[in-house]
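The structure under discussion appears below in the form of structure tokens.
Number of protein chains: 2
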Amino acid sequence: MKNSKLIVFILLLLGGFAKAQRPPVIVSPQVHADKSVTFKYFSKTAKEVKLSGEFLKDPVSLSKDTSGVWSITVPSISPDIYPYNFVVDGTGVADPNNTRIFANERFKRSIVDIPGDKPLIHSLQNVPHGKITYQLYNSKSLNTTRQLLVYTPPNFDASGKTKYPVLYLIHGGSDTEETWTKVGNANFIADNLIAQGKAKPMIIVMPYGNVRPAPMPDFTKDVVNDVIPFIEANYPVKAGSENRAVAGFSVGGGQTLNIGFTNTDKFGYICSYAPFTATEEFKKNFDNWTPNADVINKQVKLFTISVGTDDFLYESVKKNIAMFEEKKIKIKPLIVSGGHTWMNCKLFLATSLQEIFK
Amino acid sequence: MKNSKLIVFILLLLGGFAKAQRPPVIVSPQVHADKSVTFKYFSKTAKEVKLSGEFLKDPVSLSKDTSGVWSITVPSISPDIYPYNFVVDGTGVADPNNTRIFANERFKRSIVDIPGDKPLIHSLQNVPHGKITYQLYNSKSLNTTRQLLVYTPPNFDASGKTKYPVLYLIHGGSDTEETWTKVGNANFIADNLIAQGKAKPMIIVMPYGNVRPAPMPDFTKDVVNDVIPFIEANYPVKAGSENRAVAGFSVGGGQTLNIGFTNTDKFGYICSYAPFTATEEFKKNFDNWTPNADVINKQVKLFTISVGTDDFLYESVKKNIAMFEEKKIKIKPLIVSGGHTWMNCKLFLATSLQEIFK
Chain A
251 MKNSKLIVFI
261 LLLLGGFAKA
271 QRPPVIVSPQ
281 VHADKSVTFK
291 YFSKTAKEVK
301 LSGEFLKDPV
311 SLSKDTSGVW
321 SITVPSISPD
331 IYPYNFVVDG
341 TGVADPNNTR
351 IFANERFKRS
361 IVDIPGDKPL
371 IHSLQNVPHG
381 KITYQLYNSK
391 SLNTTRQLLV
401 YTPPNFDASG
411 KTKYPVLYLI
421 HGGSDTEETW
431 TKVGNANFIA
441 DNLIAQGKAK
451 PMIIVMPYGN
461 VRPAPMPDFT
471 KDVVNDVIPF
481 IEANYPVKAG
491 SENRAVAGFS
501 VGGGQTLNIG
511 FTNTDKFGYI
521 CSYAPFTATE
531 EFKKNFDNWT
541 PNADVINKQV
551 KLFTISVGTD
561 DFLYESVKKN
571 IAMFEEKKIK
581 IKPLIVSGGH
591 TWMNCKLFLA
601 TSLQEIFK
Chain B
251 MKNSKLIVFI
261 LLLLGGFAKA
271 QRPPVIVSPQ
281 VHADKSVTFK
291 YFSKTAKEVK
301 LSGEFLKDPV
311 SLSKDTSGVW
321 SITVPSISPD
331 IYPYNFVVDG
341 TGVADPNNTR
351 IFANERFKRS
361 IVDIPGDKPL
371 IHSLQNVPHG
381 KITYQLYNSK
391 SLNTTRQLLV
401 YTPPNFDASG
411 KTKYPVLYLI
421 HGGSDTEETW
431 TKVGNANFIA
441 DNLIAQGKAK
451 PMIIVMPYGN
461 VRPAPMPDFT
471 KDVVNDVIPF
481 IEANYPVKAG
491 SENRAVAGFS
501 VGGGQTLNIG
511 FTNTDKFGYI
521 CSYAPFTATE
531 EFKKNFDNWT
541 PNADVINKQV
551 KLFTISVGTD
561 DFLYESVKKN
571 IAMFEEKKIK
581 IKPLIVSGGH
591 TWMNCKLFLA
601 TSLQEIFK
């Protein structure tokens, strides 16, 4: 245990109550006033340390000082929240000095938040805040206990007197039920838009979208047969499809289309962000689809598909949009710049929150 | 963006909807029926991959197969939840295929949960579950907005008719407000003990204990002047010190002693786990302390200090215990085996929950 004791002791020293003569704590990332950012990594043994981040075109190399601290300052970065990681002698690692980490089932990157000169829509602002509740529900469809997150708006009335519309918001493949809040700041986006009167006070439910092992259609069953009844039994929810929306990103964007269009009686708003649709479920639902467009266009008050022109799914998403238009389904596409990123996810969500439940 | 697109695409492939011909998803860790565990890491370029974990005396080497998958199977591990990480050519990394990660401000390890033959007190069991609420409060003491976590027990009555006692539970230095739930399973421990009738239904508040920059005494102010008033304004809380407890681990164990004994009128239960007390605040509070033991022993219904005999703070904690005994403060020490670990934290909490509010 000697090593692990030593490690614990070092962690304690780093823990912020270090005396003057002890080694300095590394602060990384350090966002400067001009939006340039200094990233640091400590290693006396590494031969090469690179920085990879979604604010960079290509990885850049850090330089090492005599004390073993590697660092680089990246010039002014456009205000947003970006994932990044170090690559130490070829091995990807999260920033050990950054608490904020990308909630994911695979390699977990770190996150850096570049503030705007004026607070951004996803920034923590001095407005009333909602709460995020982590809770467990029993999924009969998947025969397991699952966790979901529930955002309740500022000044939420738990008494049941006030009823709220509900957005079901799905993460991307390999993300988790925490990614929309921990990476997407969905709660701050909602807080700010509600404070500005641009979004209706609403409940946002963030389920866990991945089914291990697949088939993914089981998630559609989970949402419709387990998640929705659980929420409606435990929260003061407005009845009717005009008070129910579904949205999701990437794999979750594909799930949004599958869940939404096989249940147009249940969802008045369907918002799909950069959908991944190369799935058996999508093929089954839409390849030989002969929808009654008139009925669906009455039921669905808003159907949007959003994507960035640099998204590696852009061509595929354009085909999706064309397919729905060809079937005479009323659709409001949102085409922006940028790639298959959580930077765009925040923009897509902020747009949808101002359009649903109106 | 080509690289990051490729990375996203690979993540999507790994995301669980991969077609047969695509590379297999690595499952790590894999806990087998005999409690042996297989750990895997993929790298075609690494020269050496080691596994470090709190279930191991020393790191062990993984071996690589022709496809670049490194693996090792560790023989039967005693049921518990353990932190671990890989060391790839000398660089510590979390397990990229494990969603569960150690909530911390420094290097974030992965977590493996070895189930018992009978469910352990910290395991998810088929009992009614409480909820964990993430919420923001304004700390006037620290002049900032901070997050805290609030556990509410199963069938929590939000109407205000039922009132609950409150435990204020503090993490260790460099941990975060999430560590007690994400590493310590505090919510499952409470769910299970409440279901067994061994613990009273209670609210557990998990604040963020680190003050950056120090001084740490400011956290005592934050708890007493900001956190407690915020909780008592927003939750149905039983009045009186006999319905208020404070507990914490390591740095949080030291904070528990500082907070508790400078406010014995407010806390009827003080539970300190492996306290780190080499701080200015502790020195100031206890070096020339002349307590009125009779008064304090009436006010404080339970004062416990818990520690493991392998804890690197064991000798220091024994001195703490002796100091309180010498001052005639009634104390109930709990000395167990094991080190300065979250395995012991769970045991300490499970013990305290059965002793407080009785």
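If you read the sequences in order, they're chains A and B.
Heads up, the first sequence is in our numbering, so the first residue is 251 and it goes up one at a time.
Heads up, the second sequence is in our numbering, so the first residue is 251 and it goes up one at a time.
We put the beta carbon where it would ideally sit given N, CA and C, even for glycine.
As the structure is a computational prediction, the values presented were derived from the model and not from experiment.
Item	Value
Determine, using beta carbons only, whether F438(A) comes closer than 7 Å to chain B.	no
Does the beta carbon of A408(A) sit closer than 7 Å to a beta carbon anywhere in chain B?	yes
Q385(B) CB to nearest chain A CB: under 7 Å?	yes
Classify R462(A) as buried or exposed, calling it buried when 16 or more other Cβ atoms lie within 10 Å of its own Cβ.	exposed
What three-state label does DSSP hand I546(B) in the structure shown?	helix
According to DSSP, is F607(B) helix, strand or coil?	coil
According to DSSP, simplified to helix, strand and coil, what is L312(A)?	coil
May I ask which residues mark the beginning and end of the beta strand (DSSP E) holding A497(A)?	R494 to F499
For the region 526-555 of chain B, enumerate the residues whose C-beta is nearer than 7 Å to any C-beta of chain A, in chain order.	F526 and T529
Closest by CA to T506(B), which one among F526(B), P369(B) and I364(B)?	F526(B)
Along the chain, where does the beta strand (DSSP E) containing K300(B) start, and where does it finish?	V299 to G303
With a Cβ-Cβ cutoff of 7 Å, do P404(B) and G380(B) count as a contact?	yes
Are the Cβ atoms of K300(A) and S311(A) separated by less than 7 Å?	yes
Between which two residues does the beta strand (DSSP E) holding L374(B) run?	From DSSP, L374(B) is part of no beta strand (DSSP E); its letter is neither H nor E.
Just the C-alpha distance for K450(A) and K533(A), rounded to the nearest angstrom, thanks.	35 Å
Have a look at I585(A), N376(A) and M456(A) and flag the residue whose alpha-carbon is nearest the alpha-carbon of L612(A).	As displayed, chain A neither begins before 251 nor continues past 608, which places residue 612(A) out of reach and without an answer.
Could you check how far apart the C-beta atoms of H372(B) and G502(B) are, in whole angstroms? I think they sit under 8 Å.	About 18 Å separates the two Cβ atoms, so there is no contact after all.
Leaving aside the five residues before and after M251(B) along the sequence, list all residues of the same chain whose C-beta is less than 8 Å from its C-beta, in chain order.	Reliability fails at M251(B), whose pLDDT of 36 lies under 50, so the model's placement of it is uncertain and the value that follows must be treated cautiously. Closer than 8 Å at the Cβ level, and outside the excluded window around M251(B), lies no residue.
Output needed in chain order: residues of the region 347-359 of chain B with a Cβ under 7 Å from some Cβ in chain E.	Included in the structure are the protein chains A and B, with no chain E among them.
Kindly confirm or deny that the region 535-554 of chain A and the region 504-518 of chain A touch, where touching means at least three C-beta pairs closer than 8 Å.	yes
Less than 7 Å between the C-beta atoms of F562(B) and H590(B), yes or no?	yes
Is it buried or exposed, N388(A), if we count other Cβ atoms within 10 angstroms and call 16 or more buried?	exposed
Using the C-alpha atoms, what's the distance from T559(B) back to L584(B)?	10 Å
At 4 residues or longer, what runs of the alpha helix (DSSP H) sit wholly inside the region 552-601 of chain B?	564-576
Under 7 Å between the Cβ atoms of Y485(A) and I453(A)?	yes
Considering Cα atoms alone, identify which of L603(B), V545(B) and S522(B) is closest to I571(B).	S522(B)
Excluding the 5 residues preceding and the 5 following S302(A) in the sequence, name in chain order all residues of the same chain whose CB lies nearer than 7 Å to its CB.	P309, Y334, N335 and V337
Among A483(A), D476(A), K577(A) and E427(A), which one has its Cα closest to the Cα of G459(A)?	E427(A)
Please confirm whether any heavy atom of the ligand GDP lies closer than 6 Å to the CB of I571(A).	Of ligands this structure carries none, so the ligand GDP is not represented either.
K432(B) and A353(B) look like a contact to me (Cβ under 8 Å); what is the Cβ gap, rounded to whole Å?	5 Å
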